[in-house]
Each structure stands twice: as C-alpha cells, then as structure tokens.
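Chemist: First the structure, then my questions, so here it is.
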Amino acid sequence: MRTGIVVTICMLLVSCAGETTPRNTGVYMLLDTSGTYAEELTKAEQIIRYTLSRLDATDSFAVARIDTGSFSEKDIIAKASFDDRPSAVNRQKRVFAEQVSAFVTNVDSSPYTDITGGLLQAVEFLNEKGTGRKTILIFSDLKEDLEAGYVRDIDIELEGFEVIALNVTKLRTDNIDPREYLGRLEEWQGKVEKTGGQWRVINDLDGLEGLL
Amino acid sequence: MLSITPWPVASALLWIVLIVAALYLIRSTAHNTIQAAAHALHRSFKIASKAVSHSEKALEARNRDVLLAAGREAKERIIEREFDRINETVRKDLANYSALHRSLSESIGRIEKDHQEAVDVPPDPPGWVKAVEAVAEMDAKEGRAHIGSILSDIHKSLVKAHKEAMTAYHSASAKRHRLLRHMRPDWRQIQQTLGAVGKSVDSLLSRSVTIDRHMQEYEDIVHGQDRAVSVLSSSSLVNFFVSAFVLAIAIGGATINFSLIARPMAEMVGGTSLIGNFRTADIAALVIILVEISMGLFLMESLRITRLFPVIGALPDKTRVRMIWITFTILFLLAGVEAGLAYMREVLLHDELATSALLRGGDAAGATATGEYMWITTAAQMGMGFILPFALTFVAIPLETFVHSLRTVVGLMAISFMRGLSLMLRLLGNIFHYLGVLLKQVYDLPLFVPLWLEERFARKADDVGLERRATL
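Protein chains in written order, with this note's numbering: chain A, 1 to 212; chain B, 1001 to 1472.
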C-alpha cells in the first residue's frame, strides 16, 4: 500500500517535471511604410490594438516597419513580452499602444520595400521568444521593391509559422492586369508554404475575429 | 444434400421420422439434462440469494448497532448538557441558599418584632368613673347642694380625659401604622425571594422531566428496542437531507468566495502557470478557501461544538483555549487577506476596463470613471471577502451531521440494494426452475406421435396384464 502511494507520488512529480509545450502566442507584425501605402497605417493601428486586446500574459508581440533594409532590430517600433501578472500586462499594453500611435503619427515613407528581410527578422524574433504559437502579420501590398545590392533570394524556414497578409491593396497596375496581383499572392503563398508555413490573406478588416 | 430419396417430400418425411425417432430415443437423457441444468441454475441462484440475504442481515445488524451507538452517543451528549444546565442552575441560584435562608429569617424576625410592637393597646379606663362614684355617694349622704358645680367639674374632667385618651390613642395608632409600613418592604423582599426560589425550583422540575424523558429514550436505545431504532433511523434520514441542503448552500458560498479571490490571486502567483491542467492561481485560491474551512473545523472542534476529531476534544483545557486563539487568529488573518484580494479584484477590473477602452480607441479615463455609488460594490466585495471565511466556519456543524448520518443512509441504501438483489436472484432461480419444466414440455411437443403410441401400448400392456391376473 505504502509502496503504491510512493510510486504514485513519484509518477506525479515526474509528470509535473516533464517538459511541457509552451501555450503562449508570439505575434510579429510588419508594417509597409513605402510610398502611398504609408497612408494605410491608421488601419494598421486598429489591427495592432485588436491584436493587443487578444493577447494575454506571457505572450510576445512586436511591430516593425518594412523599409529599405528590414532585416534589422532598428526597424522594430514596439515590442513586448507580457508579464505573468494581469496588472503588469495592462500597463505594457497601454505603453505599447502609445508607442505605435506615436509612430503612426510621425511616420516617414521609405523608398524601398524589403518584405523578405522583415520576414527573416520576424522569424528570428519569434524563434528567440520560443512561443508555442507563432504568427507573422504582414500589413502590405506585398509588392517587394529591393534596393540594388540587397540579396533576398533565400528560403526562410517557416515550419510552425502562420503568415497572414493583411490589407493587400491592389495597385494601379493590378487593375490593368489582375494577373499581377494574383501572381504576387501566389508567389508569397508559394514562398511560405514551400518551407512548411501556413498562409492566409485577410483583406476585410471588419472581420478580424479569426485573426488570432 | 438433405435429399435422401429422389422425392423431396418423401425425403422430408423421412427426415422428420428419423429426427422424431432420434429425439424419442434420447428423450429420457434429454429430459434429465434439461432437469439437471434447470436444477443447477435454480440451486445456484437460490444459494446466491441466501448468501446475499445473509449479508443483508449482517449489514442490517451492523447498521442497527451503528445507529444505536450513534443514538446513544447523541443522547449521552444531550443528557450531559441537561445535567450541566441543572448544575449551572443549582450553582447560580441555590448555592447561596444559606444566605437566602438567613435573609428570610431576618426578614421574618423583623416582621415578628414589628408585629408584636404593633399590637393594639386598649386605652386606660377613663378617670371620671371614680368621680361619678363620688358624686353618687354625695347624692346619698349630703343632699343635692353643689351638685351642679360638681357635675360641671366632672364634665370638664371628662372632656379633658377624653382628649388625652384620644391623643394617646392617635399616637399609638400612628406608631402601629409606622411599624406596619416598616414591615411592607420585608414582605416584598420575602415575596420576591420566594418567587425566585420558586422559579429555580420550577426550572429544576422541568429539567428533571426532560431528563426523565431523555433517560427513558436512552434506556430504549440501550435495550435496542425497535421503536428506538425506527426513531433514530428516521431522524438520521432527516438529518442527512437537511445537512446536505445546508452543505449545498455552503458550497455555493465557497464558490462565490472562490470567484472573489481567484482573479487577483493571479497577481500573486502569476496568471498563466499551470499545475496539471489547472491554473496555479485557481489552485491557490482553492487552497486558501480549504485552509479557511479547515481552520473553521479546528475552531469548532476546539470550542467543543463539533466532535469530528476526538483528539482535539480530549486536549487539556489550557491547550484547547490556546488552539482556539491560534485558529481564530489564522482565520482572521485569512479573512483580512481575502478582503484585500477582493479590493484588488476591483482595482484590476478597472485597470482592465481602462486598457480595453484604450485599445478600442475610446476614452480610458471615461471607462474607469467610477460612479458616485461605486464604492458600495467595492465595500460589498470586501465585506463578503471578510465575512465568508467566518461564515464557512459553521460548515463544520452540518458537515459533522452529514458524516454521521451518511453512515446510516449508506447502510440503509446498501440494505435496500441487497434486499432487491436477493429477491432478484430468488426470482431468477424460480424462473430457471420453471423454464426447465417448460423446456421438457416443448421437447415432447414434436414427439406427440411416438408418445401417443407409447401410451397406447402401455395401456394395452396394462389391460393384458389385468386380464392375465384375472385369468389366474
């Protein structure tokens, strides 16, 4: 009888001590600030606030801009790994929202659009945080425009990542030839799914319920 | 394959004849087999039924013993309490009986003395009697000269004597009344004292009647009378349902208490850490409530209101009192912690509302702006957080009743179950017995032709035998 109890307790302790899968969420959002797309950033702010409201303690969130060279920590506008305590989480969320708001008010548009670099930075950030669920939000028209000399022809390991393209606006040329728009979407979907990632597009920003 | 002749009908008939013949040949063996199987099943179920019935009887006896023991214990407690009350009455009211007796004696002595002093003294005979005698003598010896003046003097003397007598009489009466007035408080005191004594005696008498009744019931229980068992059983059932109802209410209270402290507990132990599949904050809140209930149990045990832990009840009084204070202090501190957590809950709620409003793009200050009467909800939450731990303390009383009555109720349920099972087994045994009889009849059904022939032959053989006997 006593041996049985000891064995049960030991098994319980071992099961508790075992490595558990993290259940938190990591979100990295890329904001396209190139050309006229910078005007869309007020919509991005809404999405960021919605995302903040959906995130909870121990989740991680970062917002970075896409500019000429986006593979850099300097492009991160705001980032937070939320505390375990609810009051601290609320404080962090408020600070985060203020930082994003300040950025949206004073944003300068960039001449080039390095989406791949931003994606690389996002993968690096989320892998470092080690969150259970990893989501990358790309708020862009998905038109990559690299400056001469920048090499971005690389495969990004996206196994376990969900990449969601938001507000993929149609360019003037897309209206003339919609194949360009569809081709862009297909190209990015191919890039993401090729390395094991999941791809989604949400253009209706009124229906963000399924975002996270 | 079944066709043994070129004609199917003939084959079928042949098969039927063969089968019937075979069945007829093994009829006796088949009957015996059916009989044996039915009998075996009948016996098995009967034995099982008897075994269950025996267990039921044993359980019933055991349950009866438990019930009587519990009833005896409860009755002993009641009688003990009644004796305590009598002891208290005697100690309080009759302990100073000697003082009471002395007071009564003194009062009576004073009354006697006053009464003797207040005796009505007859006034002295008036002095003019002698004067009248003198006048009468003068009238006879010296004639009637100077009689008028003498009578006038007599009248004066008479009036004077009357006045003096009346004055003396009034004075004596006044003194008597004064003495009687002195006696009045003594009478009242005696009346009050006797009234108090009467009440005490009446209380003792009524208590003695109650004790007599309890003693009678106790004797019934000790002798294990059926009436006592029946009363205890029904009382146990009532106790079970009432205590279960009160415990359900207590569980509701504990749930409210839990919801009050679970949210702010996340501030202390973190909001996301898990133990198994449960949040650590929830477990911590639950542990606090369980500790409060445990402290309540110990407090009630130390106060000797409940008797779930005989060890605590048997502790020396000094240790027990110390334990009362310790458990009460812990309970008080936990109640304080809960009140603080309830306040924290309100603060967190406002904080969350403000953040949500900000993230929705609204006015955070507006969302957190508290109304004029919002302090009422905060105060109510804090009050509940403070009071509920103490209220949960009283869970110990229905819990004790529930535990004690549960034993009886489970016993009664088990007895009912076993009784039903025994009946079912007996029924099954009988069903198999009659099923055996039925199967034998069903077996004989297709053999009606050979059986009819057998009967004919048997009758014929009997007739032949009778004829032979008659010839002989």
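All C-beta atoms, glycine included, are put in the ideal place defined by N, C-alpha and C.
Can the beta-carbon of I1330 of chain B be found closer than 9 Å to that of I1288 of chain B?
Modeler: Within the second sequence, residue 1330 of chain B is the residue found at index 330, counting from 1. Within the second sequence, residue 1288 of chain B is the residue found at index 288, counting from 1. Going by C-beta atoms, I1330 of chain B is not nearer than 9 Å to I1288 of chain B.
Chemist: Can I48 of chain A and I115 of chain A be called in contact, C-beta distance under 9 Å?
Modeler: For this step, residue 48 of chain A is matched to residue 48 along the first sequence. For this step, residue 115 of chain A is matched to residue 115 along the first sequence. No.
Chemist: At the 9 Å Cβ level, is S81 of chain A part of the contact set with chain B, yes or no?
Modeler: Start at 1 with the first residue of the first sequence, and residue 81 of chain A comes out as number 81. No, S81 of chain A lies away from the interface with chain B (no Cβ there is under 9 Å from its Cβ).
Chemist: Please confirm if the segment 1268–1278 of chain B is in contact with the segment 55–62 of chain A, defined as three or more CB-CB distances below 8 Å between the two stretches.
Modeler: Contact between the segment 1268–1278 of chain B and the segment 55–62 of chain A is present, because at least three Cβ pairs lie under 8 Å.
Chemist: Residues bridged to S1259 of chain B by DSSP?
Modeler: Counting from one through the second sequence, the residue named residue 1259 of chain B turns up at place 259. In DSSP, S1259 of chain B forms no bridge with anything.
Chemist: Please return the same chain residues whose Cβ sits closer than 6 Å to the Cβ of G1296 of chain B, not counting the five positions on each side in sequence.
Modeler: Within the second sequence, residue 1296 of chain B is the residue found at index 296, counting from 1. Answer for G1296 of chain B: L1392, T1393, A1396, listed in chain order.
Chemist: Report the residue ranges of all alpha helix (DSSP H) runs contained in full by the segment 1362–1427 of chain B; include only those spanning at least 4 residues, in chain order.
Modeler: You should have 1364–1368, 1374–1393.
Chemist: Alpha carbons only, please: which of B:V1437, B:R1176, B:L1399, B:V1017 is nearest the one belonging to I1111 of chain B?
Modeler: Residue numbering aside, residue 1111 of chain B sits at position 111 when the second sequence is read from its first letter. The residue with the shortest Cα to Cα distance from I1111 of chain B is B:R1176.
Chemist: Should K1113 of chain B be labelled buried (16 or more other beta-carbon atoms within 10 Å of its own) or exposed?
Modeler: Here residue 1113 of chain B is taken as the residue at index 113 of the second sequence, counted from 1. Under this definition K1113 of chain B is an exposed residue.
Chemist: Reducing DSSP to helix, strand and coil, say where T135 of chain A ends up.
Modeler: As a first step, residue 135 of chain A must be located in the first sequence, where it is residue number 135. Correct three-state label for T135 of chain A: strand.
Chemist: For L1353 of chain B, which option in A:V89, A:Y37, A:T21, A:D32 has the closest C-alpha, if you only look at C-alpha atoms?
Modeler: In the second sequence, the residue the question calls residue 1353 of chain B occupies position 353. Here the closest residue by C-alpha is A:V89.
Chemist: How many Å lie between L1067 of chain B and T1377 of chain B at the Cα?
Modeler: By one-based count along the second sequence, residue 1067 of chain B stands at place 67. By one-based count along the second sequence, residue 1377 of chain B stands at place 377. If you take the alpha carbons of L1067 of chain B and T1377 of chain B, they lie about 49 Å apart.
Chemist: How long is the line joining the alpha carbons of A1095 of chain B and A1161 of chain B, rounded to whole angstroms?
Modeler: Translated into the one-based positions of the second sequence, residue 1095 of chain B becomes position 95. Translated into the one-based positions of the second sequence, residue 1161 of chain B becomes position 161. Whole-angstrom Cα-Cα distance: 59 Å.
Chemist: For chain A, find out if any of its Cβ atoms is closer than 9 Å to the Cβ of D1282 of chain B; answer yes or no.
Modeler: As a first step, residue 1282 of chain B must be located in the second sequence, where it is residue number 282. Taking Cβ atoms only, chain A never reaches closer than 9 Å to D1282 of chain B, which makes this a no.
Chemist: I want to know whether the segment 1032–1043 of chain B touches the segment 1433–1446 of chain B - three or more CB-CB distances under 8 Å.
Modeler: A contact exists between the segment 1032–1043 of chain B and the segment 1433–1446 of chain B.
Chemist: Rounded to the nearest angstrom, how far is the Cβ of I1221 of chain B from that of G1071 of chain B, given a contact under 8 Å?
Modeler: For this step, residue 1221 of chain B is matched to residue 221 along the second sequence. For this step, residue 1071 of chain B is matched to residue 71 along the second sequence. I1221 of chain B to G1071 of chain B, Cβ: 5 Å. Contact.
Chemist: I'd like to check one pair, L1274 of chain B with E1400 of chain B: are the Cβ atoms closer than 9 Å?
Modeler: Reading the second sequence from its first residue, position 400 is the one you call residue 1400 of chain B. Reading the second sequence from its first residue, position 274 is the one you call residue 1274 of chain B. Contact: no.
Chemist: Between the segment 127–137 of chain A and the segment 66–80 of chain A, can you find at least three pairs of beta-carbon atoms closer than 8 Å?
Modeler: Counting Cβ pairs under 8 Å, fewer than three are found: no touch.
Chemist: Report the option in B:G1465, B:R1459, B:F1332, B:L1341 whose CA atom is closest to the CA atom of A1284 of chain B.
Modeler: As a working mapping, residue 1284 of chain B is identified with position 284 in the second sequence. Looking at the Cα atoms, B:L1341 is the closest of the given residues.
Chemist: Answer with yes or no whether the minimum CB distance from D1084 of chain B to chain A is below 9 Å.
Modeler: By one-based count along the second sequence, residue 1084 of chain B stands at place 84. Closer than 9 Å: no.
Chemist: Taking just the CA atoms, how far does I1016 of chain B sit from W1452 of chain B?
Modeler: Here residue 1452 of chain B refers to the residue found at position 452 when the second sequence is read from its first residue. Here residue 1016 of chain B refers to the residue found at position 16 when the second sequence is read from its first residue. C-alpha separation (whole angstroms): 17 Å.
Chemist: Determine the DSSP secondary structure at G1198 of chain B, reduced to helix, strand or coil.
Modeler: Taking the first residue of the second sequence as position 1, residue 1198 of chain B is located at position 198. DSSP places G1198 of chain B in helix when its eight states are reduced to three.
Chemist: Report the start-end ranges of each beta strand (DSSP E) in the segment 1039–1072 of chain B that is 3 residues or longer and not cut off at the edges.
Modeler: Taking only runs of at least 3 residues, no beta strand (DSSP E) segment lies wholly in the segment 1039–1072 of chain B.
Chemist: Determine the DSSP secondary structure at E152 of chain A, reduced to helix, strand or coil.
Modeler: Taking the first residue of the first sequence as 1, we reach residue 152 of chain A at position 152. It is worth fixing the name first, because residue 152 of chain A is Arg in this sequence and not Glu. DSSP places R152 of chain A in coil when its eight states are reduced to three.
Chemist: Quick one, which residues of the segment 1236–1270 of chain B are near chain A if we go by CB-CB under 8 Å, in chain order?
Modeler: Answer set for the segment 1236–1270 of chain B: R1263, A1266, E1267, G1270.
Chemist: Just how far apart, CA to CA, sit V1403 of chain B and R1077 of chain B?
Modeler: One-based indexing of the second sequence puts residue 1403 of chain B at position 403. One-based indexing of the second sequence puts residue 1077 of chain B at position 77. The alpha-carbon atoms of V1403 of chain B and R1077 of chain B are separated by roughly 17 Å.
Chemist: Are the CB atoms of A1012 of chain B and P1450 of chain B within a distance shorter than 9 Å?
Modeler: Locating residue 1450 of chain B in the second sequence gives position 450, counting from the first residue. Locating residue 1012 of chain B in the second sequence gives position 12, counting from the first residue. No, the Cβ-Cβ distance between P1450 of chain B and A1012 of chain B is not below 9 Å.
Chemist: What three-state label does DSSP hand I170 of chain A in the structure shown?
Modeler: Locating residue 170 of chain A in the first sequence gives position 170, where the first residue counts as 1. Reading off the sequence shown, one finds Lys at residue 170 of chain A, where the question assumed Ile. In this structure, K170 of chain A counts as coil in the three-state DSSP scheme.
Chemist: Counting only beta-carbon atoms, is Y28 of chain A nearer than 9 Å to chain B?
Modeler: Translated into positions along the first sequence, residue 28 of chain A becomes position 28. No - not a single Cβ of chain B is within 9 Å of the one on Y28 of chain A.
Chemist: Output needed for W188 of chain A: all residues of its chain with C-beta closer than 6 Å, excluding positions within five of it in sequence on either side, in chain order.
Modeler: Residue 188 of chain A sits at position 188 when you count from the first residue of the first sequence. So the qualifying residues of the chain are L142.
Chemist: Identify the contact partners of K93 of chain A in chain B, using a Cβ-Cβ distance below 9 Å as the criterion.
Modeler: Counting from one through the first sequence, the residue named residue 93 of chain A turns up at place 93. Result: T1355, L1358, L1359.
Chemist: Name, please, each residue of chain A whose Cβ falls closer than 9 Å to the Cβ of E1346 of chain B.
Modeler: Within the second sequence, numbered from 1, the residue matching residue 1346 of chain B stands at position 346. Those do not exist, as E1346 of chain B stays about 12 Å from chain A at its closest Cβ, beyond 9 Å.
Chemist: What do you reckon, is the C-beta of V1197 of chain B under 8 Å from a heavy atom of the ligand MN?
Modeler: Among the components of this structure there are no ligands whatsoever, and the ligand MN is therefore not found.
Chemist: Buried or exposed: where does T25 of chain A fall if 16 or more other Cβ atoms within 10 Å of its Cβ makes it buried?
Modeler: The residue labelled residue 25 of chain A in the question sits at position 25 within the first sequence. T25 of chain A should be labelled buried.
Chemist: Please report the residue range of the alpha helix (DSSP H) in which T51 of chain A lies.
Modeler: As a position in the first sequence, residue 51 of chain A is number 51, starting the count at 1. 41–54 is the extent of the alpha helix (DSSP H) around T51 of chain A.
Chemist: Hey, V63 of chain A and L212 of chain A: beta-carbon distance below 9 Å or not?
Modeler: Against the first sequence, residue 63 of chain A aligns to sequence position 63. Against the first sequence, residue 212 of chain A aligns to sequence position 212. Cβ atoms of V63 of chain A and L212 of chain A: not closer than 9 Å.
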